[in-house]
Amino acid sequence: PVKVPVKLPVIVYIHGGSFCLGDKVTSVGAMPQVFTGKGFVFVSIDYCLSPAAHFPAHVQDVASTITWVHTSIARFGGDPYKMFLLGHSAGAQLAALVSCDERYLRRHGLGLKTVSGVVLLDGGAFDVTAALLTAKRRPIHSPTFGSNPATWRQASPVSHVQAGKNIPPFLIYYLPLTLQSTEQNSKLIRALRQASVPVDVHVIENKNHRQINEDLGNPDDPEGEQIARFFHGLFKGL
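All you need for my numbering is the position in the sequence shown, starting with 1, plus 47.
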């Protein structure tokens, strides 16, 4: 019998940078070597940045790239039906939004099932409205999301979490360094659980916002192994 090459699961990494900074090369550190060594195809992506770009341009770019990966990754040994998202900071918000609001992938003829699982590294802006209202409850202007509360709601992953939408399982890491980080992540975790979406949560006490991304893949870093187990555990059932 002819041996059919085994297609490997795919990780799509979305960098952070407050939607204004960062790129697909300088943010990944040791991740490509680490995850390819664990049996994945690793893809790091770019997206347009603010202030030149405004919502929803960033997430539209992410959806377009996911579509390219889905249609093209088999040529590089990847399985288009075992695709996972890994996002840090602003990239975590984009990973969550494209996995909870079906409109972005639907524009390309795809559904939320295109994404098999999502890992978020210390993301924020899961509830953009809460993030952009001052203590006096006055709206502020964001170079990414503008000053219209209706836009903020559309940009908030928590606004789009519903049961029965094929939202993929989540693994969420966050740092309890600020009240806003805790509140933002807690809101998303609560929404996912209320919608019966599988979600695993790790609160990281001994790192800062940059370290959780930079350390991923270091020999003594436990998160890389946890993420690999999470992804491998999911695709075993696919």
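Glycine residues also receive a C-beta, built at the ideal position from the N, C-alpha and C atoms.
With distances taken from CA atoms, which of the options is nearest residue i?
i       : options                            : result
Ile-219 : Phe-278, Leu-159, Gly-69           : Phe-278
Ala-275 : Ala-172, Val-81, Val-90, Val-75    : Val-81
Ser-74  : Asp-267, Asp-262, Pro-269, Leu-281 : Asp-262
Arg-240 : Gln-209, Leu-132, Ser-65, Asn-260  : Gln-209
Ile-236 : Met-78, Gly-134, Phe-173           : Phe-173
Thr-161 : Ser-189, His-105, Pro-215, Val-72  : Pro-215
Glu-270 : His-249, Val-205, Leu-152, Ala-142 : His-249
Pro-204 : Ser-111, Cys-67, Gln-140, His-105  : Gln-140
Taking the straight line between their C-alpha atoms, what separation do you get for residue i and residue j?
i       : j       : result
Ala-100 : Tyr-94  : 10 Å
Phe-289 : Gly-76  : Residue 289 lies beyond the range of the chain shown here (48 to 285); nothing can be said about it.
Val-46  : Asp-70  : One cannot answer for residue 46 here, as it falls past the ends of the chain, which runs 48 to 285.
Leu-167 : Gly-138 : 8 Å
Leu-285 : Lys-129 : Any reading at Leu-285 needs caution, since the residue's pLDDT is 47, under 50, leaving its predicted position unreliable; the model's value is listed next. Approximately 8 Å between the Cα atoms of the pair.
Pro-127 : Thr-225 : 38 Å
Leu-281 : Pro-56  : 10 Å
Val-175 : Ala-202 : 7 Å
Leu-133 : Ser-146 : 11 Å
Lys-234 : Tyr-151 : 22 Å
Ala-178 : Val-53  : 44 Å
For residue i, which beta-bridge partners are listed by DSSP?
i       : result
Ser-91  : Tyr-60
Leu-281 : Bridge partners of Leu-281: none, in fact.
Leu-68  : None; Leu-68 has no bridge partner.
### Message
Check whether the region 109-122 and the region 243-262 are in contact - that is, three or more C-beta pairs closer than 8 Å.
### Response
no
### Message
Does the region 221-231 come into contact with the region 193-200, if we say contact requires no fewer than three beta-carbon pairs (one atom in each stretch) closer than 8 Å?
### Response
By the Cβ test, the region 221-231 is not in contact with the region 193-200, since fewer than three Cβ pairs between them sit closer than 8 Å.
### Query
For the region 97-178, which segments carrying the beta strand (DSSP E) assignment without a break, of at least 3 residues, lie completely within its bounds, in sequence order?
125-135, 164-168
### Task
Quick one: which unbroken alpha helix (DSSP H) runs of 4-plus residues sit fully inside the region 189-265? Chain order, please.
196-202, 226-241, 258-261
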